[in-house]
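Residue numbers (my numbering), protein chains in the order written: chain A, 1 to 297; chain B, 1 to 295.
Below is one structure, written out as structure tokens; comments come after it.
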């Protein structure tokens, strides 16, 4: 409470002078991470999903969060943008504690994010044009002609032709829906793009197209990206850094939930057997568990 | 001696088992009751928070007209035929049901007063609200529920648009503003239906039918019915939107959201009808102590 009184704007505490060795008179730029997750605990309907998560994402980095299904990757992504409330801990975005902002201020801060949903989450009562134009119509004073130009440019960036403008989401393939979702996420030129399983449910060719689009997006726009995936090809192709989460149900109470945090090209040399198994796609331990379960029955 | 000791041990064991099972049954019953109470309170708390958040957005600013108009059209215009038809038939049914009893008392000329009073004060508002809850409330809960489970509501939030402001506020205004008009339509069509059946098919004198109606049905009755309908409209919108926003995953979740939206709305309409009926009657008596009684 005392700390809250000293910090009424929910700003991240400044780095202490003892954090770095600084010579008197030397000017230092203490660059704080764009996203700073501190001691995050999340439970859904009474079941713990995330425990003691600490993670910093510097501006401009592309981070891939990997892990098997049910380990809490998507929950972490949604907590990061305050769609899910943590039971403990803080999420700072550019120094602001997102979970303590007013509804109005949170809504404003969310415009700095773009979110590509697993199933694209296109508004099914609107056509492709209306979906991509939606954020511009809601939050800008641009004329309809300007909006049209921006929508066409964004769709071209993701490799979609103007022929699909009048199509409804139900008429699009999975890959097209994801690309329209990406175009919509990019339309307000966000500082951070969050991808939730961008290649799940797509064929290998379309998965590679999406991976390429993620890379191209990063080249065209100076964004920070967080990609939640269990596809190692996506992680290795697109990310600067990989973090691997492990399901809480399979961890001892003292073990950290993040098993790996480092560059993608060194993940296969991780000292943790569980990380190497995941990267190689080896399920021997799980198969043994299933076999022993069946034999017990 | 040993045999009797053994039998007493067995009997005491039986008794303790019986007591244990009763105790277990009671404990289970108390636990179930507790879970129901906690669940109900949690639901009430969630609904209250939802209503407060909606009220806050209602006060801030109106949504854009392009968001409002489709809701007004869907809720108002599209409900008009079914409400007019139901109103007409309920007026006729009232005439059919009341005629025999009133004829036995030689009071059939008072039929107009009874039909029109019942329509204006009770049947019109309740019927319009029930039809709206069935036609619009369930559809709203299903639509918002589908949006919830396909992450479209989350998509709105991350695109910097408040889902309550964009989805709930226009639906609330549409229900709140249009239900009084739909109620008036139901009243009017019910009066026409009841009048047509009474005068042309039952042969009641036109002059007496109209005269009795004018004598007993006042402006306050019309006002009371319309006022009640505003509360019904607000309740339908809030309950249906809340159900949709808190929909569980899957087709079953959407179905349940639609069903519970209607059931909860209907029960709330009846409860509000009783409470508002008592309050309005007290006001009526306080303002006009010499209010004429029909019989």
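Quick reminder that beta carbons are idealized off the backbone N, C-alpha and C, glycines included.
Would you say residue i faces chain A, with C-beta separation under 7 angstroms as the test?
{"i": "residue 248 of chain B", "result": "no"}
{"i": "residue 162 of chain B", "result": "yes"}
{"i": "residue 35 of chain B", "result": "no"}
{"i": "residue 155 of chain B", "result": "yes"}
{"i": "residue 158 of chain B", "result": "yes"}
Given residue i, which residues of its chain have a CB within under 8 angstroms of its CB, disregarding the five upstream and five downstream residues?
{"i": "residue 293 of chain A", "result": "none"}
{"i": "residue 277 of chain A", "result": "283, 284 and 285"}
{"i": "residue 181 of chain A", "result": "116, 117, 120, 121 and 122"}
{"i": "residue 111 of chain A", "result": "135, 139, 188 and 190"}
{"i": "residue 249 of chain B", "result": "149"}
In the DSSP assignment, the alpha helix (DSSP H) including residue i goes from what residue to what residue?
{"i": "residue 180 of chain B", "result": "169 to 196"}
{"i": "residue 261 of chain B", "result": "250 to 287"}
{"i": "residue 108 of chain A", "result": "103 to 110"}
{"i": "residue 204 of chain A", "result": "204 to 220"}
{"i": "residue 246 of chain A", "result": "Per DSSP, residue 246 of chain A belongs to no alpha helix (DSSP H) and is neither H nor E."}
{"i": "residue 80 of chain B", "result": "80 to 104"}
{"i": "residue 178 of chain A", "result": "174 to 186"}
{"i": "residue 156 of chain A", "result": "144 to 157"}
{"i": "residue 236 of chain A", "result": "232 to 238"}
{"i": "residue 209 of chain B", "result": "206 to 216"}
{"i": "residue 38 of chain A", "result": "Segment 35 to 44 is the beta strand (DSSP E) holding residue 38 of chain A; no alpha helix (DSSP H) there."}
Please confirm if residue i has its CB atom under 7 angstroms from at least one CB of chain B.
{"i": "residue 34 of chain A", "result": "no"}
{"i": "residue 111 of chain A", "result": "yes"}
{"i": "residue 83 of chain A", "result": "yes"}
{"i": "residue 200 of chain A", "result": "no"}
{"i": "residue 339 of chain A", "result": "This structure gives no information on residue 339 of chain A, because the portion of chain A shown stretches from 1 to 297."}
{"i": "residue 26 of chain A", "result": "Any reading at residue 26 of chain A must be qualified, since the residue scores a pLDDT of 43, below 50, and its modelled position is unreliable; the value itself is stated next. Not closer than 7 angstroms to any Cβ of chain B, the Cβ of residue 26 of chain A fails to qualify, so no."}
Name the chain A residues that come within less than 8 angstroms of residue i, Cβ to Cβ?
{"i": "residue 151 of chain B", "result": "117, 118, 119 and 121"}
Using a Cβ cut-off of 7 angstroms, pull out every chain B residue sitting near residue i, in sequence order please.
{"i": "residue 134 of chain A", "result": "159"}
{"i": "residue 146 of chain A", "result": "None at all; the shortest Cβ gap to chain B is about 18 angstroms."}
Please compile the residues from chain B whose C-beta is within a distance smaller than 8 angstroms of the C-beta of residue i.
{"i": "residue 107 of chain A", "result": "157, 160, 161 and 162"}
Output needed for residue i: all residues of its chain with C-beta closer than 7 angstroms, excluding positions within five of it in sequence on either side, in chain order.
{"i": "residue 190 of chain B", "result": "87, 88, 90, 91, 119, 123 and 124"}
{"i": "residue 246 of chain A", "result": "67, 71, 257, 259 and 274"}
{"i": "residue 127 of chain B", "result": "86, 87, 90 and 186"}
{"i": "residue 251 of chain A", "result": "257"}
{"i": "residue 130 of chain B", "result": "266 and 269"}
{"i": "residue 109 of chain B", "result": "204, 205, 208, 209 and 212"}
Spatial neighbours of residue i within its chain, please: CB distance less than 6 angstroms, with the 5 preceding and 5 following residues excluded, ordered by chain position.
{"i": "residue 76 of chain B", "result": "178"}
{"i": "residue 184 of chain A", "result": "131 and 132"}
{"i": "residue 237 of chain B", "result": "171, 172 and 175"}
{"i": "residue 251 of chain B", "result": "none"}
{"i": "residue 165 of chain A", "result": "128 and 129"}
Just to make sure I have the definition right: I need the residues of chain B whose C-beta is within less than 9 angstroms of the C-beta of residue i. Which are they?
{"i": "residue 191 of chain A", "result": "Ordered by position in chain B, no residue passes the 9 angstroms Cβ test against residue 191 of chain A, which lies about 13 angstroms from the chain."}
{"i": "residue 103 of chain A", "result": "53, 56, 57, 162 and 164"}
Would you give the residue range spanned by the beta strand (DSSP E) that residue i belongs to?
{"i": "residue 242 of chain B", "result": "Unbroken run through residue 242 of chain B is the alpha helix (DSSP H), 219 to 245; no beta strand (DSSP E)."}
{"i": "residue 313 of chain B", "result": "With chain B covering 1 to 295 only, the question about residue 313 of chain B has no answer from this structure."}
{"i": "residue 130 of chain A", "result": "It is not in any beta strand (DSSP E) - residue 130 of chain A instead sits in the alpha helix (DSSP H) that spans 128 to 139."}
{"i": "residue 63 of chain B", "result": "Careful: residue 63 of chain B lies outside any beta strand (DSSP E) and carries neither H nor E."}
{"i": "residue 90 of chain A", "result": "88 to 93"}
Is the Cβ of residue i closer than 7 angstroms to any Cβ of chain D?
{"i": "residue 93 of chain A", "result": "Given the protein chain composition of this structure (A and B), no chain D is represented."}
Discussion item. Contact between the segment 136 to 144 of chain B and the segment 153 to 171 of chain A is defined here as three or more beta-carbon pairs at a separation below 8 angstroms; is this criterion met?
Written reply: no
Practice prompt. Decide yes or no for the touch test of the segment 81 to 98 of chain B against the segment 172 to 181 of chain B: beta carbon pairs closer than 8 angstroms, at least 3 of them.
Written response: no
Worksheet item: Within the chosen definition, does the segment 185 to 196 of chain B reach the segment 152 to 165 of chain A through at least 3 CB pairs nearer than 8 angstroms?
Response: no
Worksheet item: Does the segment 152 to 169 of chain B touch the segment 143 to 152 of chain A, meaning 3 or more C-beta pairs lie closer than 8 angstroms?
Response: no
Worksheet item: With a cut-off of 8 angstroms, do at least 3 Cβ pairs link the segment 86 to 94 of chain A to the segment 41 to 48 of chain A?
Response: yes
Discussion item. Three Cβ pairs or more, each shorter than 8 angstroms: is that satisfied between the segment 32 to 52 of chain B and the segment 141 to 156 of chain B?
Written reply: no
Discussion item. Assess contact between the segment 193 to 204 of chain A and the segment 216 to 232 of chain A, defined as three or more Cβ pairs (one per stretch) separated by less than 8 angstroms. Is contact present?
Written reply: yes
Fill in: Any 3 or more C-beta pairs closer than 8 angstroms across the segment 151 to 160 of chain B and the segment 73 to 83 of chain A
yes
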